Amino acid sequence: MEVDIDIFVGNNTLLDPEIYEMWLSGQQASDGANLLINGSLKDFDIDYGMLLSDVLDHYRTFQMLERLLHYPKRLTEQWIFQIAPSIQRMLIERYYEFDDSVIREFLGKKLSARNRKDLDDVSDKTGVQVKSCRRQFDNVKRVYKVVEDSNCDLVDSIRSTFLLSENLARKYAAIMYLTSNRFETGKRKLQYITFDDFLFCANLMMCNWCCPKTDCSFEETSMEMDREFLQDLRDLKPVLEKETYDELKGYVLGIMKSKLPERIYSDLDSNFKSFTRAVVNIAYGLNHSKEARDLFVDIVEKFVEPLRQGRWSDKELRSFLEIYTSAASHVQFFKNDPRLMEMWDRYMTTMGRFILKMYHN
6 MEVDIDIFVG NNTLLDPEIY EMWLSGQQAS DGANLLINGS LKDFDIDYGM LLSDVLDHYR
66 TFQMLERLLH YPKRLTEQWI FQIAPSIQRM LIERYYEFDD SVIREFLGKK LSARNRKDLD
126 DVSDKTGVQV KSCRRQFDNV KRVYKVVEDS NCDLVDSIRS TFLLSENLAR KYAAIMYLTS
186 NRFETGKRKL QYITFDDFLF CANLMMCNWC CPKTDCSFEE TSMEMDREFL QDLRDLKPVL
246 EKETYDELKG YVLGIMKSKL PERIYSDLDS NFKSFTRAVV NIAYGLNHSK EARDLFVDIV
306 EKFVEPLRQG RWSDKELRSF LEIYTSAASH VQFFKNDPRL MEMWDRYMTT MGRFILKMYH
366 N
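Numbering-wise (the numbering used here), the sequence shown opens with residue 6 and increments by one.
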């Protein structure tokens, strides 16, 4: 009697997430084995040699998987390593995660071979292993190459290509935006600004200063600002003319007199002209890439530093910026042209949030 037998051969690849984390951080296998034997395995009688052999086996497997992790869809489609989908997602997500302190060091810089060579300095400064710094640098560069010419939504493009979570893809989108526009982030006076501060500002720009329509006539990629909006910002120059300026100042100071302490009110009165001039000049300069790159430098120099000298509180600053932004609806120059009022609101709402975010020690 013949019997049909179905045979299934399984060869599941077993991966230890803790050892994977050690490999990602750039630790030597021997150091990883020591950490395990003195950490999560300290209550077990385990031979160090056997443990080191297991760690080395894991490291070799991760090295073979790395070429697939560069293009995550290949990992999900290959049959050499039988890995559960949940483990695949974990491998991809953790491979593309990064240290904020490392990314902060080359944020906005060219992703060149020369800057890659400087990662030894980044490692010394951040305390992150050079190998891990290189992985993070290469990941940013790899993502950038995929999206630099894309006119699709950045977050969606990154998620679909690299199979990342929405939260991580959104962080990468902000990094791509800052990198593409080459914003200056490395100057000494900007060192207090955190990675999260820059991500906050980048996300605001992408939401509020990029073209909201899918058929924009000027933008070639999704990492460019709305060119039509930037050109229109030049129409704010008349705000500095005496009649319009006096009307704006009179309204704002009239409202703020009862909201601010005498010392802060006096500081506002003295610096209102320089504040308004900076608001208009920065808006005008955004249309020129060289000036736009210094956006964060300008915000610190023109707004944050004078406000610090005046010892404004966060609450006082927030109140002033809200009144200053809404003042356009009470100034004849803006009331004569609804387009200008809409543009002012689009610009100042975002600029005000930049200033508030960057106003800290």
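The C-beta atom is built at its ideal place from N, Cα and C for all residues, glycine as well. Keep in mind that this is a model prediction, so the values were computed, not measured.
(Q) Let's see if you can read the secondary structure: which residues bound the alpha helix (DSSP H) around F359? (A) 343-363
**Q.** N17 in three-state terms, based on DSSP
**A.** strand
**Q.** Short Cβ contact (9 Å threshold) for L116 with F86
**A.** no
Q) What are the complete beta strand (DSSP E) segments, minimum 3 residues, inside the segment 238-272? A) none
Q: Using alpha carbons as the reference points, say which of T354, R344, V302 lies closest to E327.
A: Restricting attention to T354, R344, V302, the CA atom closest to the CA of E327 is found in T354.
Q.
Looking at the strands, I want to know which residues DSSP matches up with Q33.
A. Q33 pairs with nothing; no bridge assigned.
Q. Can the beta-carbon of I180 be found closer than 9 Å to that of V148?
A. yes
Q.
Would S106 and V145 be called neighbours here (beta carbons separated by less than 9 Å)?
A. no
Q. Can you list, in chain order, the residues of its chain whose CB lies under 7 Å from that of R323, leaving out five sequence neighbours each side?
A. L361
Q) By Cβ distance, which residues of its chain are closer than 6 Å to L168, with the 5 residues on each side in sequence left out? A) Excluding sequence positions up to five before and after L168, its CB lies within less than 6 Å of the CB of P77, I97, all in the same chain and listed in chain order.
Q) When the Cα of H410 is compared with those of L73, E26, G44, A89, which residue comes out closest? A) The structure shown has nothing for residue 410, since the chain only spans 6 to 366.
Q: Would you give the residue range spanned by the alpha helix (DSSP H) that N144 belongs to?
A: It spans 135-152 - the alpha helix (DSSP H) in which N144 sits, taken as one unbroken run.
Q. When we look at the beta-carbon of F103 and count the other beta-carbons within 10 Å, is it buried (16 or more) or exposed?
A. buried
Q. Do L253 and V244 come within 9 Å of each other at the CB atom, strictly closer than that value?
A. yes
Q: Decide yes or no for the touch test of the segment 67-81 against the segment 157-174: beta carbon pairs closer than 8 Å, at least 3 of them.
A: yes
Q: For Q68, write down the residues that DSSP places opposite it in a beta bridge.
A: When DSSP reads this structure, Q68 sits in no beta bridge, so it has no partner.
Q: Mind checking who Q87 pairs with in its DSSP beta bridge?
A: N17
Q) On the three-state DSSP scale, how would you describe D125? A) helix
Q: Assign S331 to one of three DSSP states: helix, strand, or coil.
A: helix
Q) Grouping DSSP H, G and I as helix and E and B as strand, with all else coil, what is I92? A) helix
Q | Coarse secondary structure for Q337, derived from DSSP in three states | A | helix
Q.
I'd like the span of the alpha helix (DSSP H) that includes K78, first residue to last.
A. 77-82
Q.
If you measure between the beta carbons of K242 and L204, is that distance less than 9 Å?
A. no
Q.
Helix, strand or coil for C212? Go by DSSP, reduced to three states.
A. helix
(Q) Suppose the cutoff is 8 Å on Cβ atoms and the five residues either side in sequence are ignored; what does the same chain contact list for M348 look like? (A) F234, D237, L238, D240, L241
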